[in-house]
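Remarks on the structure that follows.
Number of protein chains: 2
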Amino acid sequence: MRMHNPPHPGEILKEDVLPELGLTVGAFAAHLGITRPHLSNLLNQHAGITAEMDIRLSEALGQPPGLWIRMQAAYDLWQAEQQPRQHIAPLHVAA
Amino acid sequence: MRMHNPPHPGEILKEDVLPELGLTVGAFAAHLGITRPHLSNLLNQHAGITAEMDIRLSEALGQPPGLWIRMQAAYDLWQAEQQPRQHIAPLHVAA
DNA sequence: GTATCCTGTAAAGAGACGCATTACAAATCA
DNA sequence: TGATTTGTAATGCGTCTCTTTACAGGATAC
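Heads up: the protein sequence lines correspond to chains P and S, in order. Quick note: the first sequence uses numbering that gives the first Met the number 0, first residue 0, plus one each step. Quick note: the second sequence uses numbering that gives the first Met the number 0, first residue 0, plus one each step.
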């Protein structure tokens with residue numbers, strides 16, 4: 000049923016990645032080439048992961064690109080699904 | 000090596016989905032609850048698929064949500080990878 | 001061959017978001 | 001106590017989604 004709300008990427012970065020790296024937020028931000036306030040916003044789920052940011056993370060963490068942007072997409076989709084909306088009728092293929 | 004550029008979702012919608020539905024762009028837009036110019040922009044790759052739009056498409060097309068937003072993420076990531084950028088050194092785990 | 005429909009696209013504007021810069025206050029820690 | 005680290009706010013710029021309105025070109029039908 001796939002019904003568990005996916006985490007914001009920032010949560011994983013803050014709780015798992017950063018501790019394992021043993022870096023301060025400021026040091027990690029500097030390494031990524033972004034500002035400390037912005038990384039803080041990422042970590043605290045006040046900003047999302049862009050494709051650009053995904054690449055930087057994948058390079059810094061030695062991972063194949065796409066992990067973080069897919070997490071973000073899953074998060075965004077879940078959030079949008081929680082919004083009240085009027086449903087759309089399914090279409091059928093033409094005769 | 001995973002090195003083939005992923006299509007923009009609009010391309011698939013325009014070339015595969017719309018013809019199979021047998022709908023005009025205007026009719027499809029109306030069904031989705033968006034404007035015709037905006038759907039035209041989607042189809043011609045001048046705008047991206049948002050989480051909101053993914054949900055509308057998945058409902059209209061009878062698909063599980065996430066297909067289109069993941070296509071968009073793959074597309075965005077590929078585009079970002081094509082941009083010239085300065086690489087970031089990999090970090091090692093703390094001692 | 002004229003009228004209708006469909007299409008792509010442009011302009012203008014609202015609202016949201018990414019990201020930078022700067023700044024400050026609270027918390028941690030030496 | 002003093003230095004470091006952190007979260008966050010304000011401001012601003014650029015970009016993007018999406019709407020409304022409009023227009024011009026192509027296709028279809030009479």
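All C-beta atoms in this analysis are idealised placements derived from N, C-alpha and C, irrespective of residue type, glycine included.
Residue 75/P is positioned such that its CB atom lies no closer than 8 Å to that of residue 76/S. Take residue 29/S, set aside five residues on each side of it, and the residues of its chain with a beta-carbon closer than 8 Å to its own are 35, in chain order. Rounded to the nearest whole angstrom, the C-alpha separation of residue 3/S and residue 91/S is 30 Å. Distance check between residue 20/P and each of 60/P, 89/P, 64/P, 71/P places 60/P closest, using alpha-carbon atoms only. CA-to-CA, the gap between residue 17/P and residue 89/P works out to about 44 Å.
The C-alpha of residue 83/P lies about 36 Å from the C-alpha of residue 24/P. Assigned with DSSP and collapsed to three states, residue 22/P falls in coil, not helix or strand. Between residue 87/P and residue 69/S, the CB-CB gap reaches or exceeds 8 Å. The beta carbons of residue 10/S and residue 44/S sit about 6 Å from each other, so the pair counts as a contact at 8 Å.
For residue 35/P, the secondary structure class from DSSP, reduced to helix, strand or coil, is helix. Between the alpha carbons of residue 67/S and residue 50/P lies a distance of about 16 Å. Of the candidates 65/P, 64/P, 73/P, 73/P places its Cα closest to the Cα of residue 65/S. Of all residues in the segment 7–40 of chain P, the ones placed with a Cβ closer than 9 Å to any Cβ belonging to chain S are 18, 19, 20, 21, 22, 27, 30, 31, 32, in chain order. Under the Cβ criterion of 8 Å, residue 5/S is not counted among the residues facing chain P.
In the three-state reduction of the DSSP assignment, residue 90/S falls in the coil class. Excluding the 5 residues flanking it on each side, residue 71/S has same chain C-beta neighbours closer than 7 Å at 8, 47, 48, in chain order.
When only Cα atoms are considered, residue 41/S and residue 42/P end up about 31 Å apart.
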